[in-house]
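Asks: Under the UniProt record's numbering, think of the first position of the sequence shown as 4, with each following residue one higher. We treat Cβ as the ideally placed atom computed from N, Cα and C, and that holds for glycine. Fair warning: this is a prediction, and the values are worked out from it, not measured in the lab.
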Amino acid sequence: ARQLVWFRSDLRTLDHPALYQARQQGEVLAAFVITPAQWQQHGWGALKTAFVLHNLAALQQQLQTLNIPLKILQLQTFAETPAALLQLAQQHQVSNLLFNDEYEWNEQQRDQQVEQVFLSSGIAVQRFTDQLLLPPGSLLTGKGEAYSVFTPFWRRWLQALPTAKLHPLPEPQPQHPGQLTTDPLPVLPQHPALHLWPAGQAAALQRLQDFSGQRLMAYQQQRDFPALDGTSSLSPWLAVGALSVRQCLAAALHVSHGQISDKNTGPGCWVSELVWREFYRNLLLAFPRLSRGRTFKPETERLPWRSLNNSKVQRDLQAWQSGQTGFPLVDAAMRQLLATGWMHNRLRMLTAMFLSKHLLIDWRVGEAFFMQHLVDGDLASNNGGWQWAASTGTDAVPYFRLFNPYSQSQKFDPQGDFIRNWLPELAHLDHKAIHQPPVDKMDLFGSSNYPQPIVDLKMARDRVMAAFESLRSSP
Ligand code: FAD
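#1: Once DSSP output is grouped into helix, strand and coil, what is the label at glutamate 472?
#2: May I ask you to check if the CB of methionine 337 is nearer than 8 angstroms to at least one heavy atom of ligand 1?
#3: What are the partner residues of asparagine 386, as DSSP defines its beta bridges?
#4: Give a single yes or no on whether asparagine 267 has its beta carbon closer than 8 angstroms to a heavy atom of ligand 1.
#5: Taking just the CA atoms, how far does valine 333 sit from tryptophan 323?
#6: Quick test of the definition: if touching needs 3 or more C-beta pairs under 8 angstroms, does the stretch 305-314 touch the stretch 409-425?
#7: Determine contact between the stretch 18-25 and the stretch 154-164, defined as no fewer than three beta-carbon pairs at a distance below 8 angstroms.
#8: Can you give me the Cβ contacts of leucine 169 inside the same chain, cut-off strictly under 7 angstroms, excluding the 5 residues immediately before and after it?
#9: Helix, strand or coil: how does DSSP classify serine 98 here?
#10: Within the chosen definition, does the stretch 117-125 reach the stretch 79-98 through at least 3 CB pairs nearer than 8 angstroms?
#11: Using a Cβ-based criterion (distance less than 8 angstroms to any ligand heavy atom), does arginine 5 qualify as near ligand 1?
#12: Tell me the DSSP bridge mates of tryptophan 9?
#13: Could you work out which residue in His179, Lys266, Lys360 is closest to methionine 220 when comparing CA atoms only?
#14: Answer with buried or exposed for alanine 254, where buried requires no fewer than 16 other C-beta atoms within 10 angstroms of its C-beta.
#15: Roughly how many whole angstroms lie between the Cα atoms of leucine 293 and lysine 146?
#16: Can glutamine 390 and phenylalanine 299 be called in contact, C-beta distance under 9 angstroms?
#17: Hey, how far is the Cα of tryptophan 108 from the Cα of methionine 462?
#18: Tell me where the alpha helix (DSSP H) around arginine 130 begins and ends.
#19: Can you name, in chain order, every residue of its own chain whose Cβ lies under 6 angstroms from the Cβ of valine 55, other than the five neighbours on each side?
#20: What I want to know is whether the C-beta of tryptophan 323 ends up closer than 8 angstroms to one or more non-hydrogen atoms of ligand 1.
#21: Taking 8 angstroms as the cut-off, is the beta-carbon of tryptophan 389 closer than that to any non-hydrogen atom of ligand 1?
#22: Sorted by chain position, which residues of the same chain lie with C-beta nearer than 7 angstroms to glycine 369's C-beta, five sequence neighbours on each side aside?
#23: Report buried or exposed for glutamate 428, applying the criterion of at least 16 other Cβ atoms within 10 angstroms of its Cβ.
#24: Report yes or no: do three or more beta-carbon pairs, one from the stretch 55-66 and one from the stretch 201-212, lie closer than 8 angstroms?
#25: Please determine, among Val128, Pro175, Leu405, the residue with the shortest C-alpha to C-alpha distance to methionine 352.
#26: Using three-state DSSP, classify asparagine 109 as helix, strand or coil.
#27: Shorter than 8 angstroms, the distance from the beta carbon of tyrosine 150 to the closest heavy atom of ligand 1, or not?
#28: Rank Thr80, Gly46, Ala33, Val442 by C-alpha distance to the C-alpha of methionine 374 and give the top, closest one.
#29: Looking only at its own chain, which residues have a Cβ that is under 7 angstroms from the Cβ of proline 470, when we skip the five neighbours before and after it?
#30: Quick check on the DSSP output: what are the complete alpha helix (DSSP H) runs of length 4 or more inside the stretch 170-242, in order along the chain?
#31: Could you give the residue range of the alpha helix (DSSP H) that holds threonine 143?
#32: Quick check on leucine 191: buried or exposed, where buried means 16 or more other Cβ atoms within 10 Å of its Cβ?
#33: Just mark alanine 207 as buried or exposed, buried being the case when its beta carbon has 16 or more other beta carbons within 10 Å.
#34: Can you give me the start and stop residues for the alpha helix (DSSP H) that isoleucine 422 sits inside?
#35: Apart from the five residues on each side of it in sequence, which residues of its chain come closer than 8 angstroms, Cβ to Cβ, to alanine 49?
#36: Between the C-alpha atoms of isoleucine 263 and serine 215, what's the straight-line distance to the nearest angstrom?
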C-alpha cells in the first residue's frame, strides 16, 4: 500500500519518525507544501524562507538516493492545504498519510482539517511526536497543570527521561524505483547570508559532531561570551528540522557518558538549553494565546508602551533596528543579526530587554523584527525569549531587573573583541573605553560616525518602573 509522508519542519531522512514508519508499511511517496503567503503572514524573512527551500532541495536529493519521489504543492496559505493534499493522495492511490506534529496554533488547525478530510475520504492518518524529546503535555505539575516555571519542568523532565525511547532512528532502506517522478523545485532564492548556513542534514550533523567533539565540554564556561565560538549555532537546522533534537541529545549523552543532570557541566548545561526549547513548545501547546500575540501574564496586556505614532519613538526604534543606539554591545549585536541572521543568546536577552525596557517599546515589535531577520526564527522560542525579557511571560525575569548595557558589556565582552568585530568605528578604543565610548566634546559635529547614547539609563529605568507599577493601581 502506498504511504504519503508529508514533510514540514522536519527536512531530513535520518531519525524521521513518520518517514521511518511509512517505509516499514510500504511504498513511500513524499510531499512538501510551499505556502509563501502563509509564511509571510507568520513574519518569516527572506533568509529563513531561503534556508527552508535550500533544505528542501537537500532533502529532495537525499530522498532520491532512497528512490522516494517528492511531490511539491505550490499554494499560498494553509487554508488551501487540506483539499490540495487530499487531491494529491487520491490521484496516487495513497492509503495512509503520515506526518510529524507541529505545535503552533495555525499549524495545529491546519493539521486537524487535513486529518478530517483524509479520514472522511477513507485514508488513514498517523501522527508522530518528533520535535520534542518527551510527548507534549506529558509532563504536568502535581496539580495536573502545565508547568509555567522552567526549573521544576527541567527536573521533572530529567526524571522522565530514562523511560523514554530516545534512540535516533536510522534512515529507512531504499525502495525499488517506482513509476512516480519527483517534481522540480521552484528557483531557489538567494540571500547574502545564506553561505553561512549550509543546507541539509549532512552539514548539520557535521556541525553537531564538531561541536560535541570539541566545544561541548567547555560549553558551560564559554556559552555566555559572544566573542567565543562557545555555543553550537545549531538553532537554524533544529528550526527547520534538518537535525533532530534526539540526535543532539544522543551526542550529549555520548560525550558525557550518560551524565546530563548536572547543569554545571558542559553537556548538562547544553541539554538544559534543549529543555528550554521543549519548555517553550509545551507552553505554546498549553496556552494557544501565545500563538496569537497575547501576553502570558494577562495583567501585562495593559502595559503603557510608548506609541509608535510618535516620531521620537520611531527614531528610537530605527536606531535599535539598525544598530545605532550608541550602546556598543547592543549595536554590535543588532549588526550581527542583520549581517548573519543569527544572534548570540546572551545578546538576544540584552537587546530584547533594551527595546522593551529601556526604550519601553512593545516587545511584539521586537519579536516581529527578530522573526523577519533570524535564520532560526521559531515562534515558540522567539515568543518565549521576548516575553521573558519583557517580563510579560512565564518564569519571567522580575520587571525591576534590567540588564545594564555597560556592565553586561564589561562582563561578557571583557576585551571588547565582539564589539570591535562588528563596530569598526570603535576599533581604536581600548578594552576599557570601548564599552562606553567617551563623549568627545570636539566631535559634536560628527567626525566620528558612532552615535551618542539615544537614552539616559536612569530616566529609562524610572520610566519602565513607573509603567509596571501602574499595573498595580489601575483596575
Ligand atoms: P546552543 O546554546 O548551542 O543551544 C542548543 C539549542 O538549544 C539551540 O540551538 C536551541 O534550539 C536550543 N536553545 C538554546 N537556548 C534556548 C532558549 N533560551 N530557548 C529556547 N531554545 C533554546 N531560539 C530559536 O531557535 N529561534 C528563535 O527565534 C529564538 N528567538 C529568541 C529570542 C529571544 C529574545 C531570546 C532571548 C532567545 C531566543 N532564542 C531563539 C533562544 C536562543 O537564543 C537560541 O536558540 C540560541 O541562541 C541559538 O544558538 P545555539 O544554537 O548556538 O544554541
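Replies: Based on what the coordinates show:
#1: The DSSP-derived three-state label of glutamate 472 is helix.
#2: no
#3: BP columns for asparagine 386 are empty, so no partner.
#4: no
#5: 8 angstroms
#6: Taking a cut-off of 8 angstroms on C-beta distances, the stretch 305-314 does not touch the stretch 409-425, as fewer than three cross pairs fall below it.
#7: no
#8: Leu136, Arg249, Leu252
#9: strand
#10: yes
#11: No, the beta carbon of arginine 5 sits no closer than 8 angstroms to any heavy atom of ligand 1.
#12: Ala34
#13: Lys266
#14: buried
#15: Between the alpha carbons of leucine 293 and lysine 146 lies a distance of about 22 angstroms.
#16: yes
#17: 39 angstroms
#18: Counting along the chain, arginine 130 falls outside any alpha helix (DSSP H), though it belongs to the beta strand (DSSP E) covering 127-131.
#19: Val243
#20: no
#21: yes
#22: Ala355, Leu358, Ser359, Trp389
#23: Exposed, by the Cβ-count rule.
#24: yes
#25: Leu405
#26: helix
#27: no
#28: Gly46
#29: First, the amino acid is wrong: residue 470 is alanine here, not proline. Residues Leu306, Pro307, Leu363 of the same chain have their beta carbon placed closer than 7 angstroms to that of alanine 470, with the five preceding and five following residues left out of the count.
#30: 204-213, 222-225
#31: According to the sequence provided, residue 143 is leucine. The question's threonine does not apply to it. Counting along the chain, leucine 143 sits inside no alpha helix (DSSP H), nor does DSSP assign it H or E at all.
#32: exposed
#33: buried
#34: In the DSSP assignment, isoleucine 422 falls within the alpha helix (DSSP H) that extends over 420-425.
#35: Excluding sequence positions up to five before and after alanine 49, its CB lies within less than 8 angstroms of the CB of Pro192, His194, all in the same chain and listed in chain order.
#36: 13 angstroms
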